[in-house]
Every structure is written in structure tokens, then in C-alpha cells.
Amino acid sequence: MSQLPYDAAQAIDADDVASLATGLCNIASDRDNEGAIAEHIARRLERSGIEVHLEEVVAGRPNVVARVPGTDGGLPPLVLNGHLDGAFHVDGWRRDALAGWVEGDRLYGGAVSDMKGGLASMVVAMETAARLGGTPRDLILQAVMHHDTVGLGTKYLLASEGPTEGYAICGEPSNLSIHVANGGAVKFSIAVKGRASHISRLDEGIDALASAVGVYSGVASMAFTHQAHPSLPDLPIVLVGVLQAGFAAGCTAPEATLLGDVRTVPGMDRHTVRADLRRIIDQHLSPDTTCELRITAAQKSFIGNADSPLVAALRTAHTRIRGAAPAVGSPMPGQAFVTDAADLAAIGLDSAVYGPGDWHYAPDEWVSITDLRDAAAIYLATAYELPHSP
Ligand SMILES: [Zn+2]
Numbered sequence: 001m002s003q004l005p006y007d008a009a010q011a012i013d014a015d016d017v018a019s020l021a022t023g024l025c026n027i028a029s030d031r032d033n034e035g036a037i038a039e040h041i042a043r044r045l046e047r048s049g050i051e052v053h054l055e056e057v058v059a060g061r062p063n064v065v066a067r068v069p070g071t072d073g074g075l076p077p078l079v080l081n082g083h084l085d086g087a088f089h090v091d092g093w094r095r096d097a098l099a100g101w102v103e104g105d106r107l108y109g110g111a112v113s114d115m116k117g118g119l120a121s122m123v124v125a126m127e128t129a130a131r132l133g134g135t136p137r138d139l140i141l142q143a144v145m146h147h148d149t150v151g152l153g154t155k156y157l158l159a160s161e162g163p164t165e166g167y168a169i170c171g172e173p174s175n176l177s178i179h180v181a182n183g184g185a186v187k188f189s190i191a192v193k194g195r196a197s198h199i200s201r202l203d204e205g206i207d208a209l210a211s212a213v214g215v216y217s218g219v220a221s222m223a224f225t226h227q228a229h230p231s232l233p234d235l236p237i238v239l240v241g242v243l244q245a246g247f248a249a250g251c252t253a254p255e256a257t258l259l260g261d262v263r264t265v266p267g268m269d270r271h272t273v274r275a276d277l278r279r280i281i282d283q284h285l286s287p288d289t290t291c292e293l294r295i296t297a298a299q300k301s302f303i304g305n306a307d308s309p310l311v312a313a314l315r316t317a318h319t320r321i322r323g324a325a326p327a328v329g330s331p332m333p334g335q336a337f338v339t340d341a342a343d344l345a346a347i348g349l350d351s352a353v354y355g356p357g358d359w360h361y362a363p364d365e366w367v368s369i370t371d372l373r374d375a376a377a378i379y380l381a382t383a384y385e386l387p388h389s390p
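Those letters in the sequence shown? Residues 1 to 390, per the UniProt record's numbering, in order.
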């Protein structure tokens, strides 16, 4: 491999990546609200002379698609895929999450690790590729709306314009390890119905809360019908994260709702999970209460290949930039993340998950600025390290 991409990669300015990432953190882009951040990224790429378009999936909620044409026509492209929607749900931040800030090598900001930091690294990789006059293959940025479990933006984009061959890096936070598999997800709601009655007339009430607590216990310890998968040894797992019920301390709850999430292995889908849940609910629901079970979201697993050309190229690029080989695998917690790599791989792209940041549901979300810079350099160099024949 020539020194060219590594000289350019090493010249990427950490402050440039960090200031772009800070700018992205300062634009709210919760679910349903990706328009402003999409415009920001598109305008920046345009200023760098890069071919870019917005693809409005639904009104005000576009994907951003950019392309730096390759110099060696006919080589399959490398896709850099990241999601625009980024939420930070927890209280307790030391400072305003929408005004990102730097302390030493840490950049703090709302959604910086999932995944506005990774997006910034991808944008800078595109700009560096454009300054070099293009990498050997087309470099395509897919900055997508509505990842949120189902991967709506990526599904729409792949269906509308592909590509259907080549390579794809999904930049979800992997802490610069190469993840080659993650589980799918099936989310569900269980709405239990009872009857309200004042504490003075308990014999007239039907306690939906007590019934829901019984269902909760059953679901929390249930076993799902599945075949164990060697790449996903810690799955399936289930969590009920929400129980809402009742309106007064002295009244039986007329309704109770449980919201839960199953992280799945291949072979599990909305139908198998629904059948398993129905069986457990029927065992634990109190007499007199009724319930409605709904599947609210579903996404398939991503099963990649640790020996693929993409993983080899990423590993080489990472090792040259970082001076040590990356971890390759599918450990927890990444094993239980849901990523758009599932859709990228399903359409036929050699795919892996590789991005900066070590994400938690916690305040003061941060990424290493060194890692942001290195990710940009490694994304760029990977485009050169991939095979030089189609
Ligand atoms: Zn994410």
C-alpha cells in the first residue's frame, strides 16, 4: 500500500473533526427531527465541492447522500453509513447537552457517541478523499434519518438507490473495535385492562396493576424459542423497561401497560417472539383482567464475517493509524445493539460496525477527540486497503 492515504490521513486535523462534531451536537435531532442536521451536513459537504443530495423520506426528514467518485472505475464502492437521529434521554448533565464542550481529549455533547461524533469522522473522511481527488473506489456517505431500531432511513435509501454491491461501514459506537455481528430486536407493549374501584369497595375492582406485575415477573424470567447462534452467545435477552399504571393511591388501576424489548438471534422474529410472549402472558395474567399484546418495532440481526475483505482492510488501516491491531468480534454490549448493518448486509454489502465512542445511557456522554480523528483517518485509508480488483 502506498504511503499516500496515510500521509493524508495523518494530516487530518483533530480540531476540525471535533468542531464539526460539536456543531452536530448543538443541533437537536431527536426522533422525527432530522431536517436541520441533514441541511448542516449537506451544506458543509457542498462547500467542499462534494456531490450531495437530500432524499426526503417523509416531509422534513431527509437522508443525506454524498459521493466522492473513485479514480479506478469499476471497483465496488465503500459506503460510510451513520444515523442523523440522536437522542439523549437522561437527566443529570453537568452542562447543557446542546452546547457541546471539550475537556482535555474528551468532547462532551448530547448524542456525541451515538453517533454524531462518528458522523463527523465520516464527513471529514469524505472531505479528505475529495481533496485527494478521490480514493480508488467511490466513497459514499449515507447519513440517514430514523435509525431508531427499525432502520427506516437506511432501508429506504438502499431500496431507492443502493448500492447493492461493495462494502459498508456502519459507524455505530464500537469504541474502535470491529464488530462483525449484533442481534436483532423485537419491541412490544402489553396493555392490561381491569376496573377502577375505590379502596372502600375493593370487591368491585379488578386490579390491572397487580395483574401486570405478575406478567412482568413471567416475562422477566422467560425463555424464548430459539437456536443459539455462535456469533451471539449472550442472546437472546429480554427487558421490560416501562410499567405505567393507575391514577390514584386509593383506587385500583383500571389499566397497566408494560413496554419491553427482546434482543434476538437469527430465526427469532415478531411471530416467534409474539407466540412466546402470549404463552407466558396466559400463564401469569390474573383472572378477570384482559390484555392486548402488540409488537411495536422489529429489526433483524446482523451477521457479518470476521474473515471478509472489509474486515481485513479495516484491520490493516486501524493497525497502521493506531499502531496496534483492533479487537474483532461481537462482544457485549455491542452484541445487543441494533444497527443498520443488518440492512446493509442484507442487500449484499460486505459490512461491519466500526465507530468511535463507548455508548451508555448516561449523562455527560463523551468521545475521545483522538478517536474521532483516527476514525476519520481509518475510514479514508480503508477505501485504499480494500481489494483492487472488482
Ligand atoms: Zn446508534
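Where a beta carbon is used, it is the ideal one built from N, C-alpha and C, also for glycine. Given the structure is predicted, the values throughout are model-derived calculations rather than measurements.
Check: Would the beta-carbon of residue 408 be found less than 7 Å away from any heavy atom of ligand 1?
Finding: Given that the chain is displayed from residue 1 to residue 390, the structure contains no residue 408 and the question cannot be resolved.
Notebook entry, point to check: Who are the Cβ neighbours of I280 in its own chain at under 8 Å, not counting the five residues just before and after it?
Noted result: V215, G218, V219, M222
Q. Nearest-angstrom Cα distance between S197 and Q283?
A. 25 Å
Inset, instruction - Using only the heavy atoms of ligand 1, determine whether one of them is closer than 7 Å to the beta carbon of E172. - result: yes
Q: Return the residue from the list A111, P236, A312 that minimises the CA-CA distance to D276.
A: P236
**Prompt:** How should F224 be labelled, buried or exposed, when 16 other C-beta atoms within 10 angstroms of its C-beta is the threshold for buried?
**Reply:** So F224 counts as buried.
Comparing the CB of residue 422 with every heavy atom of ligand 1, is any distance shorter than 7 Å? Lying outside 1 to 390, the shown extent of the chain, residue 422 is not represented and no answer is given.
Inset, instruction - Could you tell me which of E365, K300, S19 sits nearest to R270, measuring between CA atoms? - result: K300
- prompt: Does the separation of the CB atoms of L119 and G82 fall below 8 Å?
  reply: yes
Query - Boundaries of the beta strand (DSSP E) in which E255 is found, first to last residue - result: Start and end: 255-264.
Original post:
Helix, strand or coil: which one does DSSP assign to A206?
Top reply: Correcting the residue identity first, residue 206 is Ile in this sequence and not Ala. If DSSP states are grouped into helix, strand and coil, I206 belongs with the strands.
Would you please state the rounded distance, in angstroms, between the beta carbons of V186 and A376? I believe it to be under 8 Å. 35 Å between Cβ atoms; not a contact.
Q | Pair within 8 Å by beta-carbon distance, L258 and V273 | A | No, the Cβ-Cβ distance between L258 and V273 is not below 8 Å.
_Would L75 and P309 be called neighbours here (beta carbons separated by less than 8 Å)?_
no
Check your understanding: Cβ of D122 versus every heavy atom of ligand 1: is any distance shorter than 7 Å?
Key -> Before going on, a small fix: residue 122 reads as Met here, not Asp. False, no ligand heavy atom lies under 7 Å from that Cβ.
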